[in-house]
Every structure is written in structure tokens, then in C-alpha cells.
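Asks: Residue numbers (full-length UniProt numbering): 1 to 530. In this text, a Cβ means the ideal position worked out from N, Cα and C, and glycines have one as well. Computed from a predicted model, the values in this text were never measured in an experiment.
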Amino acid sequence: MLELNPATGPAIQAQDFGDFLLLRLADGMASSISTIGRVIFESKLDFVDEVIVTEVEICLAVNESFSRERLRELELLDFSSAETAETVTHELPIHFADDFPDWDRIRSHTDLERNTYIERLLQCDFQVAMAGFLPGFVYLSGLPKELQVPRKENPANRTLPNTFAVGGKYAGVYSLPSAAGWNCIGQIAKQILDPDRVPPLLLGQGDSVRLIRCDLSEFESQCRENKTGSQQLACDSPRGDRGTLRFEKPGMLTLIQDRGRFGFAYYAIPRGGAFDAKSADVANAIVGNSEDSAVIECHFVAPTIHFDSDATICLAGADMQWRVDGQAVRRNQTIQISAGSTLSGSKAISGCRGYIAIHGTIETSQSFGSSSCYLPGKFGGNEGRPFSVGDVLQWTRPTNATFPIRVDVLSSESDDSIPLQPGPEFGWLDEASKQRLLSGEFSIDVNSDRMGARLNGPKLNARQPQLPDSVPLLPGMIQLTPSGQCIVVLQDGQTTGGYPRVGYLNPMAISRLNQTPIGHPFCFEMTDSD
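1. Taking DSSP's pairing of strands, which residues face leucine 60 in a bridge?
2. Is glycine 360 closer than 8 angstroms to alanine 268 when the C-beta atoms are compared?
3. Here's the rule I'm using: 16 or more other beta-carbon atoms within 10 Å means buried, otherwise exposed. How should serine 230 be labelled?
4. Smallest Cα separation from phenylalanine 133: which of Pro270, Cys214, Thr110?
5. Which residue marks the beginning of the alpha helix (DSSP H) containing histidine 109, and which one marks its end?
6. Give me, in chain order, the residues of the same chain whose beta-carbon lies closer than 6 angstroms to that of arginine 114; leave out the 5 immediate sequence neighbours on both sides.
7. What residues are listed by DSSP as bridge partners for methionine 477?
8. What do you reckon, are the CB atoms on serine 470 and glycine 452 nearer than 8 angstroms?
9. Tell me whether glutamine 15 is buried or exposed, calling it buried when 16 or more other Cβ atoms sit within 10 Å of its Cβ.
10. Go to arginine 436, then tell me how far its alpha helix (DSSP H) extends in each direction, as first and last residue.
11. Rounded to the nearest angstrom, what separates leucine 38 and phenylalanine 17 at their Cα positions?
12. Write down the C-beta distance between methionine 130 and threonine 54 rounded to the nearest angstrom, noting that I regard them as a contact closer than 8 angstroms.
13. Looking at the structure shown, is glutamine 232 part of a helix, part of a strand, or coil, going by DSSP?
14. With DSSP run on the structure shown, which of helix, strand or coil describes phenylalanine 219?
15. Look up asparagine 456 in the DSSP assignment and say whether it is helix, strand or coil.
16. Short check: CB of alanine 294 to CB of alanine 318, under 8 angstroms?
17. Can you look up phenylalanine 133 in the DSSP assignment and give me helix, strand or coil?
18. Look up arginine 70 in the DSSP assignment and say whether it is helix, strand or coil.
19. Let me know the secondary structure DSSP gives isoleucine 185 once reduced to three states.
20. Among Arg68, His95, Gln13, which residue has its Cα nearest to the Cα of leucine 160?
21. Quick one: is glutamine 515 buried, meaning 16 or more other Cβ sit within 10 Å of its Cβ, or exposed?
22. How close, in whole Å, do the beta carbons of tyrosine 355 and glutamine 421 come, if the pair is a contact with beta carbons under 8 angstroms?
23. With DSSP collapsed to three states, give me the class of tryptophan 395.
24. Within the chosen definition, does the region 383-403 reach the region 360-374 through at least 3 CB pairs nearer than 8 angstroms?
25. Cα separation between glycine 493 and serine 178?
26. Give the single residue among Ser217, Met477, Cys298 whose Cα lies nearest to the Cα of alanine 97.
27. Should cysteine 314 and alanine 277 be called a contact, given that it needs their Cβ atoms to be closer than 8 angstroms?
28. Where do the ends of the alpha helix (DSSP H) carrying glutamate 383 lie?
29. Between which two residues does the alpha helix (DSSP H) containing arginine 38 stretch?
30. Taking the runs of the alpha helix (DSSP H) that are 4 residues or longer, which of them lie wholly in the region 318-384?
31. Kindly list the residues whose CB is nearer than 8 angstroms to the CB of isoleucine 335, restricted to its own chain and excluding five residues on each side of it in sequence; keep chain order.
32. Select from Thr8, Leu343, Leu121, Val128 the residue whose C-alpha is nearest the C-alpha of glutamate 75.
33. Roughly how many angstroms separate the alpha carbons of alanine 165 and leucine 147, rounded to a whole number?
34. Have a look at isoleucine 58 and alanine 339 and give me their C-alpha separation to the nearest angstrom.
35. Hey, would you say leucine 460 sits closer than 8 angstroms to serine 443, going by beta carbons?
36. Apart from the five residues on each side of it in sequence, which residues of its chain come closer than 7 angstroms, Cβ to Cβ, to leucine 45?
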């Protein structure tokens with residue numbers, strides 16, 4: 001634990017976990033944490049990729065330019081604005097629809113009739129506590145105890161965009177549609193999250209919020225006024241001719257991915273990106289693309305793709321027994337595809353995620369600076385959805401083709417041993433659970449997705465089943481649920497959570513885990529964070 005003493009702000013305690021730092025303020029200074037986090041975020045330090053701020057902790061995801069000495073740069077920031085910043089007040093028009101499903105539940109927990117509850121809610125002065133859980137989900141503090149209603153044990157009833165809800169001690173806004181674990185009571189007439197707005201999140205941490213009731217006609221009118229723009233295309237000014245391909249079979253799950261969207265976790269927007277970043281990088285390098293170029297990511301079963309144009313491609317990652325016009329082709333090398341040819345494959349026989357890089361720039365939709373497809377929010381590449389039969393994809397072919405002489409290729413196939421680092425709450429495990437974590441056999445459960453990998457294996461015990469407050473999450477963090485099951489936060493995982501973070505997988509370990517087939521046994525091997 002390091003203590004930093006900025007000249008213009010409170011003392012900061014810092015823990016270094018290698019890929020990320022956790023910052024906490026001195027006792028009694030929690031009220032300043034949101035503005036301290038904002039100052040750090042707006043400073044755009046070059047060694048910081050992400051800033052996530054909760055009510056108790058700030059997480060800084062750092063890159064290769066970070067060193068322990070550079071941590072002192074935080075002491076040079078001007079935190080005086082944290083104490084003098086003016087509070088921004090938002091008046092949010094809200095329509096309390098009669099058909100919202102949770103009014104009976106609210107009545108049973110509060111003994112308040114609907115109109116009485118609404119009247120008291122309109123008198124509240126809320127403050128933005130943090131953003132987390134889902135992209136643009138905003139937690140609002142200031143909900144009086146008599147209006148508090150427990151969250152649901154089983155989420156139900158998919159929300160509308162910008163739904164206002166209450167859950168426990170917080171009120172909140174679902175910026176995007178989601179299965180609702182909170183109690184939904186109305187809809188905001190303003191767009192809370194907008195990819196075309198700077199900043200994209202309307203409500204900033206520390207801002208004040210008041211609700212203004214509106215009827216249905218006023219609500220519909222304001223919604224029309226606040227309609228957002230469309231996603232931008234990745235290639236607005238092509239510098240070469242276009243190529244075209246068509247999906248004859250989409251495979252099990254085939255998506256557009258790139259290196260992800262950096263710098264947006266502050267707004268609860270996940271990084272996303274390729275499940276096996278190393279394989280995606282290799283494929284791009286071999287065809288001469290930049291490392292941030294979009295690729296096609298294939299899960300478990302290969303697609304069948306007809307090329308209407310000549311193309312230079314590279315296949316990397318899982319062995320999906322790729323063929324061009326029925327002839328087997330090798331991975332990790334350039335492949336010349338002629339117009340009219342068909343690329344096909346089968347179920348992966350080693351690993352489970354394959355990558356197709358095409359020399360040039362794939363033309364697809366972007367959100368928040370990335371083409372990575374984010375399925376829960378339906379944004380990013382291919383308009384946020386998997387490829388389907390008949391989908392057409394175009395790419396721009398550069399006029400000058402350059403290819404590397406040599407690219408180092410590391411195996412992306414599954415491994416029976418996954419490197420593990422201690423997480424922030426590793427010490428919460430009892431000794432028997434630590435042994436089970438490091439010597440037990442685990443496997444990935446079928447109920448896993450790009451948000452998180454649920455692990456089957458030994459049950460673990462922590463001294464507390466849940467944290468008292470929400471804390472930051474990054475891809476690779478291992479959460480321990482009250483049932484004793486571990487969940488690894490993956491590329492599309494939420495940015496905050498309330499379970500103990502007992503372990504951490506670095507990016508190479510995540511790639512290895514993501515190439516491990518469902519049900520295949522593996523063990524964790526403890527390593528240092530250095």
C-alpha cells in the first residue's frame with residue numbers, strides 16, 4: 001500500500017496490482033471520491049487506459065508505460081477543483097406509465113399508493129453516485145428510506161430505454177434495454193447515453209437530479225426532440241477499391257471485433273474487443289493491417305463465406321479445419337482468395353475462437369470509437385448483432401499492399417493451466433478455499449457468454465458473501481458469488497459489482513481461458529502481478 005499526498009487534495013492510498021491500481025481516500029473523505037475520480041479521468045494521463053469510479057474506490061487500468069515512479073504524477077494533479085466544482089443540476093422529464101409492472105410490488109413494500117409514492121419521489125433531490133452495471137446505467141443516491149424497495153431476486157421484464165427504477169437504497173436509470181432486477185416505475189424523456197454526444201453520458205458523477213412529471217403527449221414530444229443520431233461507419237473516406245463477401249452460413253456466433261473501446265469504462269461502457277486478442281493481433285499483422293483493425297471472430301463453429309472479390313486473408317486462433325473451395329488451408333499465413341471462392345470450416349478441434357483478418361479496412365458501424373460488437377447494447381460492428389445468412393460485408397482495399405517478413409505466433413489453443421494473480425479480496429478466502437482455488441479442477445459452464453465465464457468446480461468460501469458497496473471491475477477479475485461459484489469477468493462484462501474479487505487473469509491468461517472449450521478441465525497456477 002502506497003500513500004500519495006497531493007498538494008491540493010486529500011491523501012490517497014494506492015494498491016498496485018500490476019495491470020491496475022486501486023485508489024481509496026482517507027477516512028471521512030468519501031464524499032470527494034467522485035470529483036477526485038473526475039479530475040484523474042479528465043487529466044488523460046498517458047499510462048492510464050481506464051478510470052472507474054464508485055462510491056468507495058477508484059480503479060485505474062494502466063498500460064505498459066506505467067511504472068511505480070509514475071504513480072507520483074497523481075500528486076501533481078490539481079485536485080482543488082474537487083472541493084470548489086459547481087454542482088450541475090439536471091431536471092429530467094419522466095412519464096409514470098400505468099402499465100409499468102412493478103407498482104404492486106412497490107405498494108406492498110412501502111404501504112404507499114401509487115400517486116403518493118410519485119409525489120414523494122418528485123420531492124427528492126438525487127445525486128449521481130456512480131455509473132456501472134450496464135453501459136450508461138446511473139446510480140442515484142438520495143432515495144428516502146420510506147421509498148426504498150428491495151431488488152428482485154430474479155430479474156424479469158425487459159426494460160425500455162431510459163427506464164427509471166428503484167432498487168435498495170438507490171434509484172437508477174437503465175439507459176439501454178435490459179432484464180430488470182430493479183423495480184421499474186417510469187421512463188425518462190431524455191437520452192441518458194448517446195454515442196454521438198461528448199461526453200456520451202448526460203449525467204456526471206456528483207451531479208444533482210430532480211424529476212419533472214410529464215404526461216404522455218409531453219413525453220412523446222420530448223422524446224422526438226431528443227432523438228439521437230445513428231452510428232458512424234468505420235470507413236468514411238475509402239482510399240482504394242472495395243471488396244465484398246457474403247455469409248452463406250453464419251456459424252454458431254460470428255461477430256466483428258477489434259481491440260476494444262478504451263477510455264469509456266468511466267461511463268460504464270465495457271471495453272469489449274476480441275476474446276483472444278493475441279490471435280486477432282497476429283492475424284492483422286500477417287496481412288499487414290494495423291493492430292486496431294477489425295476482424296471477424298468465430299465462436300465454436302466456422303461460418304461459410306463466399307467472396308465476390310479477390311482478397312488476402314489470414315486465419316488465426318482455433319483450428320476450425322478451414323478450407324477454400326474444399327482445399328485445406330493453414331492458419332497464421334497469408335491466403336490469396338479469388339473472386340468466386342468460398343471459405344468454409346467446421347467445429348473447432350482445438351481452441352474454440354477463430355479469427356479472420358482481411359487485408360484492408362472492414363467497413364462496419366462504430367460506437368464509442370470501436371467496431372467491437374456489443375450484443376447486450378446492440379451497438380458496434382454489424383449494428384451490434386451477429387452475422388446471419390445472406391449478410392454482406394465490404395472492405396476497402398489499400399492501393400499499396402505491404403506484408404511483414406515475420407510474425408511471432410504463440411499458441412492460442414486451450415491450456416490445462418491458467419495463470420492466476422491474487423485479486424483485491426483474495427485475503428477474504430479461508431485457507432481451505434485458497435487451496436481449492438489453486439489445486440482444484442475447474443471448467444467453463446455452458447451458461448457463459450461474452451460478459452462472464454461461470455466456472456464449475458470446487459466451491460469457495462469468503463468471510464463475507466458480498467461487499468458492503470459496489471466496487472470497480474475489469475476484464476479478468478474473478479468474482480466469488482454467495483453460492484461459492486467463481487465468475488470471470490470477460491470483455492463485455494460490467495464495470496462495477498458487489499461480489500469479492502478473489503483473483504485476476506491478465507490479458508494473456510484471458511486469451512487462454514477464452515480458447516478453453518466448455519466443459520474442458522483446467523487448473524489455476526498462481527503467479528505474481530509483476
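Replies: Quick look at the numbers:
1. As a first step, residue 60 is located in the sequence shown; it is residue number 60 there, counting from the start. In the DSSP output, where bridge partners are listed per residue, leucine 60 has Leu21, Val51.
2. The sequence position of residue 268 within the sequence shown is 268, counting from 1. The sequence position of residue 360 within the sequence shown is 360, counting from 1. No, the Cβ-Cβ distance between alanine 268 and glycine 360 is not below 8 angstroms.
3. Within the sequence shown, residue 230 is the residue found at index 230, counting from 1. Bear in mind that a pLDDT of 44 at serine 230, under 50, signals an unreliable position, so the model cannot answer this.
4. Locating residue 133 in the sequence shown gives position 133, counting from the first residue. Nearest option by C-alpha distance: Pro270.
5. Taking the sequence shown and counting its residues from 1, the one referred to as residue 109 is at position 109. Its alpha helix (DSSP H) spans residues 103-110.
6. In the sequence shown, counting from the first residue as 1, residue 114 sits at position 114. Only Trp103 meet the Cβ criterion.
7. Your numbering for residue 477 matches position 477 in the sequence shown. Answer is Tyr504, bridged to methionine 477.
8. Here residue 470 corresponds to residue number 470 of the sequence shown, with the count starting at 1. Here residue 452 corresponds to residue number 452 of the sequence shown, with the count starting at 1. Their beta carbons are not under 8 angstroms apart, which means serine 470 does not touch glycine 452 by this criterion.
9. Looking up residue 15 in the sequence shown gives position 15. With fewer than 16 other Cβ atoms within 10 Å, it is exposed.
10. Here residue 436 refers to the residue found at position 436 when the sequence shown is read from its first residue. From DSSP, the alpha helix (DSSP H) with arginine 436 extends over 431-439.
11. Residue 38 sits at position 38 when you count from the first residue of the sequence shown. Residue 17 sits at position 17 when you count from the first residue of the sequence shown. The sequence as given places arginine at residue 38; leucine does not occur at that position. Computed Cα separation, rounded: 22 angstroms.
12. Here residue 130 is taken as the residue at index 130 of the sequence shown, counted from 1. Here residue 54 is taken as the residue at index 54 of the sequence shown, counted from 1. Sure, about 5 angstroms apart at Cβ, within 8 angstroms.
13. Indexing the sequence shown from 1 puts residue 232 at position 232. For glutamine 232, the predicted model reports a pLDDT of 49, less than 50, meaning its position is unreliable; a value from the coordinates is still stated below. Strand at glutamine 232.
14. Here residue 219 corresponds to residue number 219 of the sequence shown, with the count starting at 1. DSSP places phenylalanine 219 in helix when its eight states are reduced to three.
15. The residue you call residue 456 lines up with position 456 of the sequence shown. Looking at asparagine 456 - three-state DSSP - the assignment turns out to be strand.
16. Looking up residue 294 in the sequence shown gives position 294. Looking up residue 318 in the sequence shown gives position 318. With respect to the 8 angstroms criterion, alanine 294 and alanine 318 are not classified as neighbours on the basis of their beta carbons.
17. As a position in the sequence shown, residue 133 is number 133, starting the count at 1. Three-state result, phenylalanine 133: coil.
18. On the sequence shown, position 70 is the one that residue 70 refers to. Reduced to three states, the DSSP call for arginine 70 is helix.
19. Against the sequence shown, residue 185 aligns to sequence position 185. Reduced to three states, the DSSP call for isoleucine 185 is strand.
20. Within the sequence shown, the letter at position 160 stands for residue 160. Comparing alpha-carbon positions, the option among Arg68, His95, Gln13 lying closest to leucine 160 turns out to be His95.
21. Taking the sequence shown and counting its residues from 1, one reaches residue 515 at position 515. Glutamine 515 comes out buried.
22. Start at 1 with the first residue of the sequence shown, and residue 355 comes out as number 355. Start at 1 with the first residue of the sequence shown, and residue 421 comes out as number 421. Not a contact, Cβ separation roughly 26 angstroms.
23. Indexing the sequence shown from 1 puts residue 395 at position 395. It is a strand residue.
24. yes
25. Taking the first residue of the sequence shown as 1, we reach residue 493 at position 493. Taking the first residue of the sequence shown as 1, we reach residue 178 at position 178. When rounded, the distance between both Cα atoms is 14 angstroms.
26. In the sequence shown, counting from the first residue as 1, residue 97 sits at position 97. Looking at the Cα atoms, Ser217 is the closest of the given residues.
27. Residue 314 sits at position 314 when you count from the first residue of the sequence shown. Residue 277 sits at position 277 when you count from the first residue of the sequence shown. Between cysteine 314 and alanine 277, the C-beta spacing is not below 8 angstroms.
28. In the sequence shown, counting from the first residue as 1, residue 383 sits at position 383. Secondary structure note for glutamate 383: its alpha helix (DSSP H) is the uninterrupted segment 381-384.
29. Translated into the one-based positions of the sequence shown, residue 38 becomes position 38. Taken as a continuous stretch (DSSP letters only), the alpha helix (DSSP H) holding arginine 38 covers 33-43.
30. 381-384
31. Here residue 335 corresponds to residue number 335 of the sequence shown, with the count starting at 1. Within the same chain, isoleucine 335 has close Cβ partners Thr312, Ile313, Cys314, Leu315, Val324, Val329.
32. Here the question's residue 75 lines up with position 75 in the sequence shown. Nearest Cα to glutamate 75 within the set Thr8, Leu343, Leu121, Val128: Thr8.
33. As a first step, residue 165 must be located in the sequence shown, where it is residue number 165. As a first step, residue 147 must be located in the sequence shown, where it is residue number 147. Taking the straight line joining both Cα atoms gives about 11 angstroms.
34. Sequence index remark: in the sequence shown, residue 58 carries index 58 (1-based). Sequence index remark: in the sequence shown, residue 339 carries index 339 (1-based). Computed Cα separation, rounded: 52 angstroms.
35. Within the sequence shown, the letter at position 460 stands for residue 460. Within the sequence shown, the letter at position 443 stands for residue 443. Contact: no.
36. Numbered from 1 along the sequence shown, position 45 holds the residue referred to as residue 45. For leucine 45, where only same-chain residues beyond five positions count, the Cβ hits under 7 angstroms are Glu73.
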